[in-house]
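Below is one structure, written out as structure tokens, with a few remarks after it.
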Amino acid sequence: MKQHIAEKQRQTGRLKCSGTVLATLLATTTAGYAQEALEVWSRSGPQAAATYEAVFEAFTEKTGIPVEYLTALQFDTQLQARVAARDLPDVLIYDQSSMAAYANAGWILPIDPTSLAGHDEVSDVSWDSVRMADGSTYGVPFSQHAQITFVRKDWRENLGFDVPTTHEELIALATAFATGDPDGNGVDGDTYGMAVPGTTNRGFFAWWMFSYLAQQGAHYVEGGDGKYEVTINNPEGVAAVEWLYDAFCGDPNLAQPGAMTNASATPFFAEGQAGIYQTGPYAITSFTDKIGAENLEIIIAPAGSAGSTTLTERTSIYFGSTTTMPEAQKALAEFLISEEGQTLGMTAPGQPVVRLPVNVNLNAAEIYGDERFVTVAEQLEMSELMPSDIDFTAARLEIAETFQTLFSQCNDDVVEQLDVLAGLIADELDAVNALK
Amino acid sequence: MAAGIRMSFQEVSPFLGNQWVGWENYATVLTNSRFHQAVSNTLVLGVGQSFGAVLVGFILALLLEGPSRSLWFVRTAVFLPVVTASAVVGEIWRIIYFPSPDGFMNKVLGLVGIDPIRYLEDTSVALYAVMTVGIWSSAPYYMVIFLAGLAGVDRTLYEAAAIDGARLRHRIVSITIPALRPAIMIVSILAAVRALRIFTDVWVLTGGGPAGSTQVWMTQIYTQGFERNNLGVASAASILLLIASVLLTVVAIYFTRNKEDR
Amino acid sequence: MSTPALRKKRRQTSVEGTLDTAFGWAVGDTRSMLVRAVLCAILLFIFAGPILTIIVGAFDLNPDPTALTLWPHNPSLENFRVATGRGIWGYFANSLFIAGFGLTLQIAVAVTAGYALARRKFYGQTVVLGVFLATMMLPEEVVAVPLAVVLGDLPLLGISIRGTVFAIILPVAASAFSILVMAAFMRDIPEEIIEAARIDGASEFRILVQVILPMCLPALGVVAIFGFNGIWDQYLLPLVAANRTEDYTITVILRSLRADVEVGTGALLAGAFLALIPSLIVYLLLQKSLVRGMTSGAIKG
Chain A
0 MKQHIAEKQR
10 QTGRLKCSGT
20 VLATLLATTT
30 AGYAQEALEV
40 WSRSGPQAAA
50 TYEAVFEAFT
60 EKTGIPVEYL
70 TALQFDTQLQ
80 ARVAARDLPD
90 VLIYDQSSMA
100 AYANAGWILP
110 IDPTSLAGHD
120 EVSDVSWDSV
130 RMADGSTYGV
140 PFSQHAQITF
150 VRKDWRENLG
160 FDVPTTHEEL
170 IALATAFATG
180 DPDGNGVDGD
190 TYGMAVPGTT
200 NRGFFAWWMF
210 SYLAQQGAHY
220 VEGGDGKYEV
230 TINNPEGVAA
240 VEWLYDAFCG
250 DPNLAQPGAM
260 TNASATPFFA
270 EGQAGIYQTG
280 PYAITSFTDK
290 IGAENLEIII
300 APAGSAGSTT
310 LTERTSIYFG
320 STTTMPEAQK
330 ALAEFLISEE
340 GQTLGMTAPG
350 QPVVRLPVNV
360 NLNAAEIYGD
370 ERFVTVAEQL
380 EMSELMPSDI
390 DFTAARLEIA
400 ETFQTLFSQC
410 NDDVVEQLDV
420 LAGLIADELD
430 AVNALK
Chain B
0 MAAGIRMSFQ
10 EVSPFLGNQW
20 VGWENYATVL
30 TNSRFHQAVS
40 NTLVLGVGQS
50 FGAVLVGFIL
60 ALLLEGPSRS
70 LWFVRTAVFL
80 PVVTASAVVG
90 EIWRIIYFPS
100 PDGFMNKVLG
110 LVGIDPIRYL
120 EDTSVALYAV
130 MTVGIWSSAP
140 YYMVIFLAGL
150 AGVDRTLYEA
160 AAIDGARLRH
170 RIVSITIPAL
180 RPAIMIVSIL
190 AAVRALRIFT
200 DVWVLTGGGP
210 AGSTQVWMTQ
220 IYTQGFERNN
230 LGVASAASIL
240 LLIASVLLTV
250 VAIYFTRNKE
260 DR
Chain C
0 MSTPALRKKR
10 RQTSVEGTLD
20 TAFGWAVGDT
30 RSMLVRAVLC
40 AILLFIFAGP
50 ILTIIVGAFD
60 LNPDPTALTL
70 WPHNPSLENF
80 RVATGRGIWG
90 YFANSLFIAG
100 FGLTLQIAVA
110 VTAGYALARR
120 KFYGQTVVLG
130 VFLATMMLPE
140 EVVAVPLAVV
150 LGDLPLLGIS
160 IRGTVFAIIL
170 PVAASAFSIL
180 VMAAFMRDIP
190 EEIIEAARID
200 GASEFRILVQ
210 VILPMCLPAL
220 GVVAIFGFNG
230 IWDQYLLPLV
240 AANRTEDYTI
250 TVILRSLRAD
260 VEVGTGALLA
270 GAFLALIPSL
280 IVYLLLQKSL
290 VRGMTSGAIK
300 G
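Protein chains in written order, with numbering that gives the first Met the number 0: chain A, 0 to 435; chain B, 0 to 261; chain C, 0 to 300.
The structure is reproduced here in structure tokens:
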């Protein structure tokens, strides 16, 4: 309990509270507290939080700036509350996809990349990704990766399949997982083909779908420089969605039960119930622990008619606009993109928070001492980003909800649904002035 | 509170300045198809859950009325769902509803020959699955109120009925239920007000999905406010909810008053 | 349930016993008792069974969501070890502290406000009461954001209590339900007793503490059970009031455990078990007062 009281005092210490007696009292007790703390938020599970804490500890040791760290479990909900209070965290480490929305709302500050020490060690591609449609920069790149495909190697070998390299082979393998007995427990069909995260939470399903669509040359929207047109209902889009429709609504159903709910798909793969899972490389550590390195393989996405493209995911650093510590913000960003910060983010105990470094001087496979990261890096070369120079959040939510409906109701009106969706996306783009 | 009302007339953006938009947020709420879906879901869930919970609570009370020690034990155990934190209730039922054929509920239903159901992801079933959880966790609460009501029933009435040779059904309909009328009133009001604001059960179990089939008013407010950053629209919807609750409460108070005056 | 055979049996046996309950359960009739015992067993299975599975699962090594049982296969404390590795005890302590402190405050407010409502009649009381109740019945999800603003900058004091336990304790101090239960219960206390005390020269405060409170013990029991539960159950408030990860409560962290692949179902159940136990203890300790306290007031409204 003492800890809480101390906390309260520290809190009050950093707020302008000169007027009252109470404040004076508290101020005297906190006088010894020389340096105010930099408030930093990220959205991470407990494992990744441990890594962040190690990184911030190193930062504090180096610069003397203390960090008050919060793992925001419901990032947007918690941020909303702070927005309403007009007291934002100093530094936010979060998905690249949120940058435009935050910047438009005035929650984060523009950044001059050249003012940051070590900015030239960060790749140009990374800097491009944090640029808004009007050319201004609102984030500092921190981590990058593309979604990769995990396969249960032991299951695949048990059933005598090769590593799938095309969509046809992928479906064949998933079907065999769903109908056969890959785990050798004597029961056919008690395993599932693919773990599918069909959750609409944060529009997640739209991210997952992006890869499989892009592999067939289909996109939700196409364009650039802040202007996009909706292409999800063009012939490529219809064909790609119908292909997925067959996988989720056909017999056998290739997805795990509960795929189209807000339940997490990850446990199904981690606990040996599903054999194929496309997700980010952050899962490598935990999957290796759970099912063993020898049973896990990471492969380049099986190619569709348009190749093996998957979704690029990026994490960036943002500066909260209510900060009183601009120098400390910059210091932290500089540390996080430095070789030391990036390396710590990959290697500190916990779960890597830097999946692939944005610092060009670093080689992930070497640092991890793990050949699998060669594949991860190779997949990144073949990946695409969803529009991030405009506020695509509302459109993403619409996409996820439409596809969840389509694949959970399975009532055969793909074309019609896609036309409706196209209209919805167009409306949302129009609302943020991004419709071509 | 006042801030909420003001916000409901604005496009809220604390850092760029709030824009006064008049009734636009209310118009958005009233014309948005998601809110329409939420209204019908809230009504179905609210009516079904209130009615179900009151009925189950009544039956529980009839079954468990009595002074013996073992009944006291059963009553205590049956009441447990009421005092279980809703986060825990959610976890329990997500596991019970595990959608594979060897999930708990599916195994139990399998014993009586019912095919496996994907409770929380079948758009036609999910709402009822949520309703079941709601009934499970609130019926025992109403049971206790009914039990107290039953204890107050005049024993001589039963005696008279027995002498008249009245049947059981008759006895319950003509003696027990009239005697319990105040308790039934109270319980129904409680259940209805509770149903309007249902959130946690839905949020923990389905998050409003699949495909919006369990989206209720409150989850819709939450989504608008926190996921889509439309605090103004969320406030307007909250105010409408508040008005509905107040109306319901006032009507309820009015009715109970009338009863007492008679 | 009401089979003709059962009814016939009842008439043949002790008519006296059947008059005790609405349903006419005949004490001493084996057939009737057997039916009742079976029904009770089913009720126990439905209402207490799921809770028991959580408790069992928490102590079972590697429980599978598809293999829920009422008996552990591999009894073990491993789940708790894993959950401990996630710092579960710290969050548990936060919750306990908040619930304990908050409940004390809530009871104090409920007693004084309840007393005022029950003893002082004023014009438009019904309307005031109704509006007041409806406002307080607003779910925390709606008030979370305005509340966060207030917490970050307390009116008058100009200080922030966010990130402290007080941020969660203060908002739960007033509960409509608790105040109502207390008020309804106090209304039943005969005016003469209070008058008598007043004539003896007791102050208003002394009357409240020494005369009224002891007569309200059942109501206090109810307020404690539901108040504790309500506070323990808070999710959004602890979420937005936290400044650091360590500030979270167990109900908040429970949802992050679910998404945590490393820990698996076992540790999730261990967490659920911890989140369950305190409410169970409070309930079992106080359940004697439940029936009397909850109903005496509520029914009269």
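Beta carbons: idealized from backbone N, C-alpha and C, even for Gly. Nothing here was measured: the structure is a model prediction, and the numbers come from that model.
So residue i and residue j are supposed to be a Cβ contact under 8 Å. How far apart are they, rounded?
{"i": "residue 177(A)", "j": "residue 253(A)", "result": "6 Å"}
{"i": "residue 89(A)", "j": "residue 376(A)", "result": "Contact doesn't hold; Cβ gap of about 32 Å is too wide."}
{"i": "residue 154(A)", "j": "residue 274(A)", "result": "5 Å"}
{"i": "residue 195(B)", "j": "residue 240(B)", "result": "7 Å"}
{"i": "residue 413(A)", "j": "residue 405(A)", "result": "7 Å"}
If we call anything under 7 Å between Cβ atoms a contact, is residue i one with residue j?
{"i": "residue 279(A)", "j": "residue 144(A)", "result": "yes"}
{"i": "residue 278(C)", "j": "residue 220(C)", "result": "no"}
{"i": "residue 142(B)", "j": "residue 56(B)", "result": "yes"}
{"i": "residue 104(C)", "j": "residue 166(C)", "result": "no"}
{"i": "residue 218(C)", "j": "residue 180(C)", "result": "yes"}
{"i": "residue 67(A)", "j": "residue 38(A)", "result": "yes"}
{"i": "residue 209(B)", "j": "residue 90(B)", "result": "no"}
{"i": "residue 113(C)", "j": "residue 230(C)", "result": "no"}
{"i": "residue 356(A)", "j": "residue 341(A)", "result": "yes"}
{"i": "residue 332(A)", "j": "residue 139(A)", "result": "yes"}
{"i": "residue 403(A)", "j": "residue 197(A)", "result": "yes"}
{"i": "residue 214(B)", "j": "residue 48(B)", "result": "no"}
{"i": "residue 40(C)", "j": "residue 76(B)", "result": "no"}
{"i": "residue 268(C)", "j": "residue 57(C)", "result": "yes"}
Mind checking which residues open and close the alpha helix (DSSP H) that includes residue i?
{"i": "residue 125(A)", "result": "123-128"}
{"i": "residue 138(B)", "result": "125-150"}
{"i": "residue 86(B)", "result": "85-95"}
{"i": "residue 72(B)", "result": "68-82"}
{"i": "residue 245(C)", "result": "Looking at the DSSP string, residue 245(C) is not in any alpha helix (DSSP H), and its letter there is neither H nor E."}
{"i": "residue 28(B)", "result": "23-30"}
{"i": "residue 38(C)", "result": "29-42"}
{"i": "residue 91(A)", "result": "Unbroken run through residue 91(A) is the beta strand (DSSP E), 90-94; no alpha helix (DSSP H)."}
What residues are listed by DSSP as bridge partners for residue i?
{"i": "residue 319(A)", "result": "107(A)"}
{"i": "residue 149(A)", "result": "276(A) and 297(A)"}
{"i": "residue 144(A)", "result": "312(A)"}
{"i": "residue 356(A)", "result": "142(A)"}
{"i": "residue 228(A)", "result": "221(A)"}
Keeping to the same chain, check which residues put their C-beta closer than 6 Å to that of residue i; ignore five residues upstream and five downstream.
{"i": "residue 249(B)", "result": "none"}
{"i": "residue 95(B)", "result": "103 and 104"}
{"i": "residue 217(A)", "result": "235, 236 and 239"}
{"i": "residue 282(C)", "result": "224"}
Could you check where the beta strand (DSSP E) with residue i kicks off and where it finishes?
{"i": "residue 236(A)", "result": "No beta strand (DSSP E) contains residue 236(A), which is instead part of the alpha helix (DSSP H) from 234-248."}
{"i": "residue 192(A)", "result": "191-194"}
{"i": "residue 295(A)", "result": "295-298"}
{"i": "residue 273(A)", "result": "273-278"}
{"i": "residue 257(A)", "result": "No beta strand (DSSP E) contains residue 257(A), which DSSP labels as neither H nor E."}
{"i": "residue 40(A)", "result": "37-41"}
I'd like the list of long-range same chain contacts for residue i, defined as Cβ closer than 8 Å, with 5 residues on each side in sequence excluded.
{"i": "residue 73(B)", "result": "63"}
Cutting at 7 Å between CB atoms, please list the residues of its own chain near residue i, excluding the five before and the five after it.
{"i": "residue 27(A)", "result": "Its pLDDT being 34, under 50, residue 27(A) is placed unreliably in this model, and the value from its coordinates should be taken loosely. No residues qualify anywhere along the chain."}
{"i": "residue 131(A)", "result": "99, 102, 137 and 388"}
{"i": "residue 233(B)", "result": "220, 223 and 224"}
{"i": "residue 196(C)", "result": "206 and 210"}
{"i": "residue 435(A)", "result": "222, 226, 227 and 228"}
{"i": "residue 90(C)", "result": "247, 248, 249 and 252"}
{"i": "residue 130(B)", "result": "44, 47, 48 and 51"}
{"i": "residue 303(C)", "result": "Nothing about residue 303(C) can be reported from this structure: the residues present for chain C run from 0 to 300 only."}
Output, in sequence order along the chain, the residues in the region 235-261 of chain C whose CB is closer than 9 Å to any CB in chain D. Annotation note: the requested chain D is absent from the structure, which comprises protein chains A, B and C.
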